[in-house]
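Chains as they are written, first to last, in this note's numbering: chain A, 2 to 119; chain B, 2 to 119.
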């Protein structure tokens with residue numbers, strides 16, 4: 002049916018946009034991670050995350066999207082950001098252990114989920 | 002730090018775009034749901050979902066995004082679409098039970114997760 006195919010084609014266009022946008026978002030959070038590491042800033046900022054959730058819920062209402070879903074979505078993305086941060090932390094740790102500072106204590110574990118700037 | 006604030010502001014813009022795009026996507030899948038119901042088409046199309054996953058993984062690679070994450074993301078969205086479909090099916094069922102067709106058999110359960118057009 003022509004109408005069904007037309008809507009599916011719009012869904013496909015939206016999905017492509019979502020993928021490229023998510024890629025940009027991860028580039029941005031990666032930049033934040035490196036910036037904080039370079040300036041020895043704490044990884045986490047719980048106030049920032051609370052503000053992000055409140056803002057997304059408000060925007061979701063404006064868009065007639067379930068605010069609970071918007072919050073679940075942000076948490077889903079943050080979960081992936083944490084996975085990235087952990088991978089970066091592991092790379093740093095491996096580099097420290099194999100480099101001239103191999104006798105220094107191990108880096109501390111990655112920040113807990115609620116404390117990552119995402 | 003100005004650079005950190007600037008990147009966070011970009012993340013906030015991306016998040017707003019994601020929320021409004023997701024709202025459009027749910028409007029589209031809702032249209033598909035109503036269209037299929039009106040034309041008595043089967044709810045599911047497993048071939049469509051397989052094609053969507055393959056395409057998103059390919060686009061993710063192009064965007065330097067983890068293809069496994071792109072697939073997880075689509076499944077996350079599909080989970081929400083299923084929740085919407087189930088809610089619509091329940092509404093229809095309630096309407097049937099309370100309307101002139103109250104003696105007709107109950108509507109079948111919502112389509113299983115792999116068979117929803119998402």
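Quick reminder that beta carbons are idealized off the backbone N, C-alpha and C, glycines included.
{"Check": "Sequence-distant residues of the same chain with beta carbon closer than 7 Å to residue 31 of chain A, five excluded per side", "Outcome": "85"}
{"Check": "Unbroken alpha helix (DSSP H) run spanning residue 47 of chain B, endpoints", "Outcome": "47-63"}
{"Check": "Cutoff 8 Å; reference residue 62 of chain B; Cβ partners in own chain excluding five residues on either side", "Outcome": "68"}
{"Check": "Test item: CB-CB of residue 29 of chain B and residue 11 of chain A under 7 Å", "Outcome": "yes"}
{"Check": "Pairwise C-alpha distance: residue 99 of chain B and residue 23 of chain A", "Outcome": "45 Å"}
{"Check": "Cβ neighbours of residue 102 of chain A in the same chain (closer than 7 Å, five flanking residues each side left out)", "Outcome": "Residue placement at residue 102 of chain A is poorly supported in this model, since its pLDDT is 48, which falls under 50; the coordinates are not used for a value here."}
{"Check": "Partner residues on chain B for residue 18 of chain A, Cβ-Cβ distance less than 8 Å", "Outcome": "22"}
{"Check": "Candidates A/16, A/47, A/75, of which the one nearest residue 58 of chain A by Cα", "Outcome": "A/75"}
{"Check": "Check whether residue 54 of chain B and residue 72 of chain B have beta carbons under 7 Å apart", "Outcome": "yes"}
{"Check": "Any chain A beta carbon closer than 7 Å to residue 71 of chain B", "Outcome": "yes"}
{"Check": "Residues of the region 41-65 of chain A whose Cβ lies closer than 8 Å to any Cβ of chain B, in chain order", "Outcome": "42, 49, 53, 56, 57, 60, 61, 64, 65"}
{"Check": "Chain-ordered chain A contacts of residue 29 of chain B [CB-CB under 9 Å]", "Outcome": "8, 9, 11, 12, 15"}
{"Check": "Local conformation of residue 42 of chain B per DSSP, three classes", "Outcome": "coil"}
{"Check": "For residue 92 of chain B, the three-state DSSP class (helix, strand or coil)", "Outcome": "helix"}
{"Check": "Amino acids of chain A, ordered along the chain, whose beta-carbon sits closer than 7 Å to that of residue 81 of chain B", "Outcome": "70"}
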